[in-house]
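Step one of this worksheet: look at the structure below.
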Amino acid sequence: MTDKAFAQADPEWLALIGAARDWLNGPIGQFLLEEERRMLEDELGRFFGGYLVHYGPSAQTPPPAPQVQRNVRLGAPLPGVEIVCEEQAWPLSEHAADVVVLQHGLDFCLSPHGLLREAASSVRPGGHLLIIGINPWSTWGLRHVFAHDGLNRARCISPSRVGDWLNLLGFALEKRRFGCYRPPLASSKWQGRLAGWERKAGAWQLSGGGFYLLVARKIVVGLRPVRQVRRETMSKLVPMPLAKVNRRSCEP
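Under full-length UniProt numbering, think of the first position of the sequence shown as 1, with each following residue one higher.
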């Protein structure tokens, strides 16, 4: 049934998602996802509500939000995806979710603006949108320029630009975090040697992390302060002088 539904899907989009999935399933991609998982678990633990929606190309099961009643995955036909849809055709009503997570969704998509609008529309007023992306100003962003695997197809949009887009869509940026300061090396030996640097850089929250996490809250629209009517001061009434009338001069 899924194959028939996606028979008419954009083949370029399916190829992009497939390339991203293959790279994330590799040793370097798995290392990145594990670092992101720790940070996501930390952030998702403070949210609550009815629905959380997760969108991303990874086949790995994302961490749930324990205080959210229902965690749903949507996107391309991947293992664990419950709602199959294309990037700009989410089958959700407006304001349906309390939390929406885009994990590398903007990195691997055909239209970042279209996907972001779709995700933003699904968040209820007062809800949150979490975005994870590859930081272009890092060793991971540098590797994507010279890579010959799926990472080469990533967009690597800067967190400042994504923050500007969120502001235009009516979101207030609450938090920006960075993680994975170790370079994209497949050698576990080198990764172990650089573990100390990872802890120090993570504590300092330097902007050169391999990925970034943005937490934005949707501003409640329609609630504006009542504009007070300005009251003009009234001038004092000055009594007009009355002319004295001589009755005698008026008599015939």
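Every residue, glycine too, gets a C-beta built ideally from N, C-alpha and C.
Suppose contacts are defined by Cβ-Cβ distances below 8 Å. Is ALA120 in contact with PHE171 by that definition? For ALA120 and PHE171, yes; Cβs fall inside 8 Å.
Give me, in chain order, the residues of the same chain whose beta-carbon lies closer than 6 Å to that of GLY114; leave out the 5 immediate sequence neighbours on both sides. For GLY114, where only same-chain residues beyond five positions count, the Cβ hits under 6 Å are GLN88.
Secondary structure at residue 308, three-state DSSP: helix, strand or coil? With the chain covering 1 to 252 only, the question about residue 308 has no answer from this structure.
Closest by C-alpha distance to LEU214, when choosing among SER122, VAL99, ASN152, LEU142: The shortest Cα separation from LEU214 among SER122, VAL99, ASN152, LEU142 belongs to VAL99.
Opposing strand residues paired with HIS54 [DSSP bridges]: ARG73, VAL101.
Touching by the beta-carbon criterion (3+ pairs, under 8 Å), the stretch 128-141 and the stretch 63-70: Contact fails: fewer than three Cβ-Cβ distances are below 8 Å.
So, with DSSP's three-state summary, where would you put GLY18? Of the three classes helix, strand and coil, the one that applies to GLY18 here is helix, per DSSP.
Can you tell which of PRO63, ARG153, GLY26 has the C-alpha that lies nearest to the C-alpha of ILE17? The shortest Cα separation from ILE17 among PRO63, ARG153, GLY26 belongs to ARG153.
Is the number of C-beta pairs between the stretch 25-38 and the stretch 72-87 that are closer than 8 Å three or more? The answer is no - the stretch 72-87 does not touch the stretch 25-38, with fewer than three Cβ pairs under 8 Å.
Using a Cβ-Cβ cutoff of less than 6 Å, which residues in the same chain neighbour PRO183 once the five nearest sequence positions on both sides are dropped? Here the set comprises THR139.
Are the CB atoms of LEU44 and VAL72 nearer to each other than 8 Å? Not a contact, by the Cβ cut-off of 8 Å.
Would you mind sorting ASN167 into buried or exposed? The rule is 16 or more other CB atoms within 10 Å of its CB. The residue in question, ASN167, is exposed, as its Cβ has fewer than 16 Cβ neighbours within 10 Å.
Quick one: using the 10 Å Cβ neighbour count with 16 as the cut-off for buried, is GLU36 buried or exposed? It is buried - the Cβ of GLU36 has at least 16 other Cβ atoms within 10 Å.
Three-state secondary structure (DSSP) of PRO225: Confidence at PRO225 is low in this model, with a pLDDT of 45, below 50, so its placement is unreliable and the value that follows should be read with caution. In the structure shown, PRO225 sits in coil (DSSP, three-state: anything other than H, G, I, E or B).
Thinking C-alpha only, which one of SER158, GLN60, TYR212 is nearest LEU24? Closest option to LEU24, Cα to Cα, is GLN60.
Environment of HIS144 [buried if 16+ CB atoms lie within 10 Å]: Buried is the call here.
Nearest neighbour of VAL220, chosen from ILE157, ILE132, VAL123 [CA to CA]: Considering only alpha carbons, the answer is VAL123.
CB of ASP58 within 8 Å of CB of HIS95, strictly: A quick correction: the sequence has Ser, not Asp, at residue 58. No, these two residues do not count as a Cβ contact at 8 Å.
Inspect the beta-carbon positions of GLY210 and ILE134 and report whether they are closer than 8 Å. In contact: GLY210 and ILE134 (Cβ atoms closer than 8 Å).
Residue range of the unbroken alpha helix (DSSP H) whose run includes ILE28: First-last of the alpha helix (DSSP H) with ILE28: 27-44.
Inter-residue Cα distance where the pair is ASP149 and TYR181: Distance between the alpha carbons of ASP149 and TYR181: 21 Å.
Bridge partners - ILE157, DSSP secondary structure assignment: Answer is none; ILE157 lacks a bridge partner.
To the nearest angstrom, how far is it from the Cα of ALA20 to the Cα of GLY26? The alpha-carbon of ALA20 is positioned some 10 Å away from that of GLY26.
Burial state of GLU174 (16 or more Cβ within 10 Å): Label assigned to GLU174: exposed.
Identify, in the order they occur along the chain, each residue of the same chain with its Cβ nearer than 8 Å to the Cβ of ALA9, setting aside the five sequence neighbours on each side. Counting only residues of its own chain and dropping the five nearest sequence neighbours on each side, ALA9 has a CB closer than 8 Å to the CB of GLU86.
Let me know the secondary structure DSSP gives ALA89 once reduced to three states. DSSP places ALA89 in the coil class of the three-state scheme, outside both helix and strand.
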